[in-house]
Each structure stands twice: as C-alpha cells, then as structure tokens.
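Enquirer:
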Amino acid sequence: MNLQSLKSLLDKAERHNKKGNFDEGEHDAKQVLHDVESFLGYADTLTEETIDSLQGLHCIALITLSRTNFFRGDTHTALTLARAALAIAEERNLLAHKARALNAIGSVFQMQSDNTNALEYLHRALAMNEELGNEEERSRNLANIGIVYFNLSDYTKALEYYHASMAIDEKLGSKEGVANILGNIAIVYYNLSDHAKALEYHQKALEIYEELDNKFGIAGNLHNIGLVYDELGFKSEALEYFHKAMAINEEIGNKGWLAINLAGIGGASDFTTAMEYLHQSLVISEELSM
Numbered sequence: 029m030n031l032q033s034l035k036s037l038l039d040k041a042e043r044h045n046k047k048g049n050f051d052e053g054e055h056d057a058k059q060v061l062h063d064v065e066s067f068l069g070y071a072d073t074l075t076e077e078t079i080d081s082l083q084g085l086h087c088i089a090l091i092t093l094s095r096t097n098f099f100r101g102d103t104h105t106a107l108t109l110a111r112a113a114l115a116i117a118e119e120r121n122l123l124a125h126k127a128r129a130l131n132a133i134g135s136v137f138q139m140q141s142d143n144t145n146a147l148e149y150l151h152r153a154l155a156m157n158e159e160l161g162n163e164e165e166r167s168r169n170l171a172n173i174g175i176v177y178f179n180l181s182d183y184t185k186a187l188e189y190y191h192a193s194m195a196i197d198e199k200l201g202s203k204e205g206v207a208n209i210l211g212n213i214a215i216v217y218y219n220l221s222d223h224a225k226a227l228e229y230h231q232k233a234l235e236i237y238e239e240l241d242n243k244f245g246i247a248g249n250l251h252n253i254g255l256v257y258d259e260l261g262f263k264s265e266a267l268e269y270f271h272k273a274m275a276i277n278e279e280i281g282n283k284g285w286l287a288i289n290l291a292g293i294g295g296a297s298d299f300t301t302a303m304e305y306l307h308q309s310l311v312i313s314e315e316l317s318m
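To convert, take the position in the sequence shown, counting from 1, and add 28; that gives the working numbering.
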C-alpha cells in the first residue's frame, strides 16, 4: 500500500467515525498504523521527506484512534493515543499534526471536566491553526473551547465561540460542522430553560445529521430532545426519544452514550423501572470510569 492509499484509508476511517461506525473506523486506522510502522522499520533506506510523510500518517492514525475511543467514552485510551501523536509531531516538527494532537488532548480534558488543561491545549491548537491558516481545524478548536465555557456555565462565552465556529463552517460548506454547533447551541438554550429554542436548534441539527447518515449525531440529538420533553413533563415523548437514541448507540457500540441514554430512561420512568435502568447505567459508567 502506497502513501496515497494509506491517506485514503485514513480519510475513510474518519468518515466512519463521523457516522458512528466506530468498529470500521478503528479497523481502518489500525491497518494504516500497522502498515506505517512496517515501512518505518526500513527508515534507514528512506529519505527524510518520506519519513516525515509516514510519521504524519502515523500521527493522524493515532489521532483517529484517539477520536474513536473518545466517542466511545474511553477517555484514558483516547488521551494516551493523542499524547503519542503529539510526541511524534513534536519530534518531527510537524506543525499541522501537532495542532491536531493538541486539539485531541484538549477535547479529552474537556470530557474529563479538567477545564484548565482543556483550555490550555485548545488555545495552543487555535493559535497554531490561526498561524497555519487552517480554517477547518480552527473551527473545531473554537467549538471545543465553547464546550469548555459551557461546562463552566459561562453561556455567553460558549455562544460566542459556537457562533464563531459556525460562521467558519458555513463559509466552508461543512454541514457536519454546522450540525455539531447547532446541537451545542441547543444545549445552551436548554440550560437557560428556553425549551422552544432548544427544540428548534436540536431539530435543525437532527435534520442535517439524518441527511448525512451520521448515527452518532442523530443519537445525540435524539437523546437531547428527550431531555427537553422530560424537563417539560412530557414523559411519554421523552421515553420515545431516549429509546430511539439508545437503539442507535447499541448498534454502533457507543457505551459512553448508552450509559447516558439508560440514565435518561431511568429518570423519566416509574420507580421500579428507574432502578433497573439506572443500575444498568451505573454498571457501564463504572466499567468506563466515567
């Protein structure tokens, strides 16, 4: 397999990740990792340019695997893989790859509620991508910084970063990016108890994700719509959306979100049913150290 074939396989792995096909994405990324490491075993016969290209693919494969584990809720493995990618990027002075690794690490810290480290790594990534002129990655950094401020309950700053990210995605024609931000904005409005706007933005995000057949995005917005209905006291509607989300997450093997779905069902159910689902959620959460 040549360099272009390896890059194409990594692009395919990333598409699988975006659609929630994590097993397929992991398989393709691991294949690239295996082939790259095999080529690097003959480094003494390769030019520095070829080694840099291979190490760049090595970084992207590790970051792709990090994202797969991140989406599954395994933040420990995700962080280990992202740090390995950063070490290679720094050693070979691969700036674009370093920025991607910094973003991946910051995202994991955000998921772990380590907001101080998350902001440090995400702002480092943002500064690098601004210098490199990488608008797609800059949008991703801005969105992730917005999530950190949301976690800190600074909703004004969260919306500021979300809208900055969405402006770039709209300019680039990135439907995936727009859908992601719409869902994030919806969550802000949910926390502000503006349920009408929360539903409006979640429905917009859901429509785009369905058009893209992005199962991860579909499941996330279905669950969050369920939360809005639950908050409004519409338990039947809430349970309907929670169960739809759970079915998708079971299909794609997303245990992190599955635990969240089970907790949602428990919260909207009668006492006996609630205990059953909350226990299942707890078992998965403990397994993942959530």
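Using N, Cα and C, we set each Cβ at its ideal position, and we do this for glycine too. Since the model is a prediction, treat every value here as computed from it, not as a measurement.
Looking at Ala-11: is its Cβ nearer than 8 Å to the Cβ of Ala-129?
Expert: The question about residue 11 has no answer, for the chain in this structure spans 29 to 318.
Enquirer: For Tyr-217 versus Tyr-229, is the C-beta spacing smaller than 8 Å?
Expert: Start at 1 with the first residue of the sequence shown, and residue 217 comes out as number 189. Start at 1 with the first residue of the sequence shown, and residue 229 comes out as number 201. Contact flag set, yes.
Enquirer: Could you tell me which of Ile-133, Thr-184, Asn-277 and Met-139 sits nearest to Arg-152, measuring between CA atoms?
Expert: Start at 1 with the first residue of the sequence shown, and residue 152 comes out as number 124. Ranking the options by Cα distance to Arg-152, first place goes to Ile-133.
Enquirer: Kindly indicate which residue of Glu-259, Val-311, Leu-210 and Glu-204 has the alpha-carbon position closest to the one of Ser-221.
Expert: For this step, residue 221 is matched to residue 193 along the sequence shown. The shortest C-alpha separation from Ser-221 is found at Glu-259.
Enquirer: Can you list the alpha helix (DSSP H) stretches of 4 or more residues lying completely in the stretch 240-303, in chain order?
Expert: Listed in chain order, they are 243-259, 263-280 and 283-295.
Enquirer: Start and end of the alpha helix (DSSP H) containing Ala-57?
Expert: The residue labelled residue 57 in the question sits at position 29 within the sequence shown. 50-68 is the span of the alpha helix (DSSP H), which, as asked, contains Ala-57.
Enquirer: The alpha helix (DSSP H) that contains Met-194, what's its start and end?
Expert: In the sequence shown, the residue the question calls residue 194 occupies position 166. Start and end: 183-200.
Enquirer: Between Asn-169 and Leu-150, how many whole angstroms is the CB-CB distance? I'm expecting something under 8 Å.
Expert: Position 141 of the sequence shown holds residue 169. Position 122 of the sequence shown holds residue 150. Indeed, because the Cβ distance is near 6 Å, the residues count as touching under 8 Å.
Enquirer: Nearest CA to the CA of Ala-233: which residue from His-223, Gly-245 and Val-256?
Expert: The residue given as residue 233 occupies position 205 in the sequence shown. Looking at the Cα atoms, Gly-245 is the closest of the given residues.
Enquirer: Can you check the stretch 135-187 for any alpha helix (DSSP H) of at least 4 residues that lies completely inside it and give the ranges in chain order?
Expert: The qualifying runs are 143-160 and 163-179.
Enquirer: Would you mind sorting Gln-83 into buried or exposed? The rule is 16 or more other CB atoms within 10 Å of its CB.
Expert: Working through the sequence shown from its first residue, we reach residue 83 at position 55. Gln-83 comes out buried.
Enquirer: Got a sec, what are the start and stop residues for the alpha helix (DSSP H) Ala-106 sits in?
Expert: Residue mapping note: residue 106 aligns to position 78 of the sequence shown, counting from 1. Its alpha helix (DSSP H) spans residues 103-120.
Enquirer: What's the gap between the Cα of Asn-45 and the Cα of Gly-53?
Expert: Locating residue 45 in the sequence shown gives position 17, where the first residue counts as 1. Locating residue 53 in the sequence shown gives position 25, where the first residue counts as 1. Each residue's Cα considered, the two are about 6 Å apart.
Enquirer: With distances taken Cα to Cα, identify the nearest neighbour of Ser-33 among Asn-219, Asp-142, Gly-295 and Val-64.
Expert: Your numbering for residue 33 matches position 5 in the sequence shown. When each option's Cα is compared against that of Ser-33, the closest is Val-64.
Enquirer: For the putative contact between Asp-241 and Lys-40, defined by C-beta atoms under 8 Å, what is the C-beta separation to the nearest angstrom?
Expert: Position 213 of the sequence shown holds residue 241. Position 12 of the sequence shown holds residue 40. That belief does not hold up - the Cβ atoms of Asp-241 and Lys-40 are roughly 15 Å apart, past 8 Å.
Enquirer: Quick one: using the 10 Å Cβ neighbour count with 16 as the cut-off for buried, is Gly-201 buried or exposed?
Expert: In the sequence shown, counting from the first residue as 1, residue 201 sits at position 173. Exposed is the call here.
Enquirer: Any chance the stretch 185-194 sits against the stretch 159-177, with 3 or more Cβ pairs inside 8 Å?
Expert: At 8 Å Cβ cutoff, the stretches touch.
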